[in-house]
Amino acid sequence: MSDSDRPQAFDTLAIHAGSAPDPATGARQVPIYQTTAYQFRDAEHAARLFGLKEVGYIYSRLTNPTVAALQNRVAALEGGAGAVCCSSGHAAQIMALFPLMGPGRNLVASSRLYGGTVTQFSQTIRRFGWSCRFVDLEDLDAVRAAIDGDTRAIFCESISNPGGYVTDLPAIAGIADEAGVPLIVDNTLATPWLCRPIEAGATLVVHSLTKYLTGNGTVTGGAVIDSGRFDWSASDKFPSLSAPEPAYHGLKFHETFGPAAFTFHSIAIGLRDLGMTLNPQAAHYTLMGIETLGLRMQRHVENAQAVAEWLDADPRVLDVSYAGLPASPWNERVQRLYPKGAGALFTIRLKGGYQACVDMIGRLKMISHVANLGDARTLAIHSASTTHSQLTEAQQIAAGAGPDLVRLSIGIEDAQDIIADLDQALG
Ligand SMILES: *Cc1c(COP(=O)(O)O)cnc(C)c1O
């Protein structure tokens, strides 16, 4: 292999993938294309674009050059064939499921998920006639048993929010393959710097760009990255991708676009009709954030390890869920599957229970009490009374968010300052 054929490494892709000097102006940074529409060359050009006979820009609900640069960058970082960005992480989840599901169909999901996702899957998607079966991914037989002829996807988080559970992605991907259904992995907490689910066998990766990829708590955004590897035509389970599409004169997405079928469908049907579009300003902030993803994640993980070790040794703390600690049940797995570290989000349980958690939150000075994570700042929240409050207590405990827990999202400040604030807040 000559040097020029060498695939670029992660930190290089984080800066260069999807962006080249602007052909119109030479602008070196990706311009914010703040436009709704794009002038067609002539009537024939317009007709070809609308008929999906040629790829190009029509209207910013579907495609926008700033958003496209971000799509190409996240696809490159995840090792995918294509990506579609959307207005939030939750929008990305609906966008990922939309081409797969239909009335009467179900998905099998991990019981350890972000609280908002548990609500989306246990309640909201039922309005579309879809349903979700939650299973403990440690019980592989239960995962197999939950899959039936109407199952259209398996869904999990690589590292789960908030409990820091580490999913055995190769094992779950094996089950998805046996069943002939796609595996969707929410890689928000790990980021592609720590974990690349497609390499572990995932079909689709979803992200809340709101978190580490943007990295500073400025925008909401989401992305769906397609591996390009799933054979949508192997069965009749995925007619949106394999059967003729009436709105495009009988075009079959998989036959026509091959590994880009899912991404084309997500733009031409998903964004066209659901309209969960990411705006170019938000895409710009996320592109800026991604440039430093590798540097930031390294510091996030180092700080999380230092803070978790300090908390673990503190008598006021009952336990710390961080998978980077040797006592964690997921420590061996994280070292094997995600050797760069266990992320920067974990929970602590306090000896004083619910009241001690509320008191600690009240005494924090530098650390912010907010419903977000993956910010440069260290953040804390009492999950049971906030992000996971719509769940039953049993669901809270299953999700790793019981009433005596505080969730910490460790930032990139100096670790000693984070520890000092926690020390005084623990009282
Ligand atoms: C925040 C989050 C989401 C939802 O993302 P939004 O951008 O807030 O819609 C989904 N999954 C995980 C793991 C998250 O942390």
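Residue numbers for the sequence shown, in my numbering: 18 to 444. C-beta: ideal position from N, C-alpha, C; glycine also. As the structure is a prediction and not an experimental result, all values here were calculated from the model.
Neighbourhood of residue i by C-beta, 6 Å cutoff - its chain only, sequence neighbours within 5 removed
i: A113; result: I201, L221, V223 and V241
i: I32; result: E308
i: G35; result: A86, N89 and R90
i: R424; result: P179, T364, I398 and S400
i: A108; result: G239 and M293
i: R489; result: Outside the displayed range of the chain (18 to 444) lies residue 489, so it cannot be described from this structure.
i: A415; result: S128
i: A373; result: L367
i: L439; result: none
i: Q322; result: G341
Proximal residues to residue i (C-beta, below 7 Å), its chain only, five neighbours per side dropped
i: M18; result: The predicted model places M18 with a pLDDT of 49, which falls under 50 and marks its position as unreliable; any figure quoted below should be read in that light. For M18, where only same-chain residues beyond five positions count, there are no Cβ hits under 7 Å.
i: T53; result: Y76 and S77
i: T403; result: A388
i: D329; result: V337 and L342
i: T80; result: Y74 and I284
i: D39; result: P48
i: P199; result: L117, A170, A193, T220, L221 and F247
i: A215; result: One detail in the question is off: residue 215 reads as Ile in this sequence, not Ala. So the list reads E95, G96, G97, V222 and S244, once near-sequence residues are dropped.
i: G121; result: G146 and D167
i: F274; result: F281
i: L157; result: A188 and I192
i: I378; result: H386, A397, H399 and V423
i: L186; result: S175, V202, P214, A217, G218, A219 and L354
i: K228; result: T205, L390 and G391
Limits of the beta strand (DSSP E) - the one that residue i falls within
i: C173; result: T168 to E174
i: R78; result: Per DSSP, R78 belongs to no beta strand (DSSP E) and is neither H nor E.
i: N123; result: N123 to S127
i: A397; result: L396 to I398
i: D336; result: V334 to V337
i: G132; result: Per DSSP, G132 belongs to no beta strand (DSSP E); it is in the alpha helix (DSSP H), G132 to S139.
i: V423; result: L422 to S426
i: V152; result: S148 to V152
Alpha-carbon spacing of residue i relative to residue j, whole angstroms
i: G23; j: T29; result: In the sequence as displayed, the identity of residue 23 is Arg instead of Gly. If I take the Cα positions, the gap works out to 12 Å.
i: T237; j: G97; result: 22 Å
i: A159; j: A41; result: 56 Å
i: V152; j: D203; result: 16 Å
i: Q137; j: L381; result: 31 Å
i: A361; j: S175; result: 13 Å
i: K70; j: A92; result: 23 Å
i: N296; j: E262; result: 27 Å
i: S148; j: A432; result: 43 Å
i: N320; j: R394; result: 12 Å
i: Q413; j: S177; result: 13 Å
i: A278; j: M383; result: 47 Å
i: I429; j: D165; result: 44 Å
i: G370; j: E410; result: 14 Å
i: A300; j: Q56; result: 22 Å
i: G306; j: Q315; result: 14 Å
i: R353; j: G311; result: 20 Å
i: A126; j: A64; result: 41 Å
i: T83; j: A60; result: 25 Å
i: V101; j: A163; result: 29 Å
i: V318; j: E349; result: 17 Å
i: L304; j: L288; result: 20 Å
i: L124; j: W327; result: 40 Å
i: R144; j: A442; result: 43 Å
Any non-hydrogen atom of ligand 2 closer than 7 Å to residue i Cβ
i: Y131; result: As presented, the structure is devoid of ligand 2, carrying ligand 1 as its sole ligands.
Terminal residues of the alpha helix (DSSP H) in which residue i lies
i: C374; result: G370 to R380
i: T364; result: First-last for T364: L362 to L367, but that is the beta strand (DSSP E), not the alpha helix (DSSP H).
i: I189; result: L186 to A196
i: D434; result: A432 to A442
i: R65; result: A60 to F67
i: L304; result: P297 to E308
Identified DSSP bridge partners for residue i
i: A162; result: The partner list for A162 (beta bridge, DSSP) is empty, contrary to what the question assumes.
i: E216; result: Its beta-bridge partners do not exist; DSSP assigns none.
i: V222; result: V202 and I242
i: I384; result: In DSSP, I384 forms no bridge with anything.
i: V101; result: V241
Proximity of residue i and residue j at Cβ, strictly below 8 Å
i: K357; j: L211; result: yes
i: L11; j: F172; result: In the structure as shown, the chain begins at 18 and stops at 444. Residue 11 is therefore absent and cannot be evaluated.
i: V135; j: W347; result: no
i: D392; j: S426; result: yes
i: V324; j: I435; result: yes
i: A340; j: G181; result: yes
i: S259; j: K269; result: yes
i: S250; j: H271; result: yes
i: S225; j: T205; result: yes
i: G197; j: R313; result: no
Chain C within 8 Å of residue i, Cβ atoms only
i: T80; result: Here chain C cannot be found, since the structure has a single protein chain.
Spatial neighbours of residue i in its chain, beta-carbon cut-off 8 Å, leaving aside the 5 residues before and after
i: G133; result: H107 and T404
i: G43; result: none
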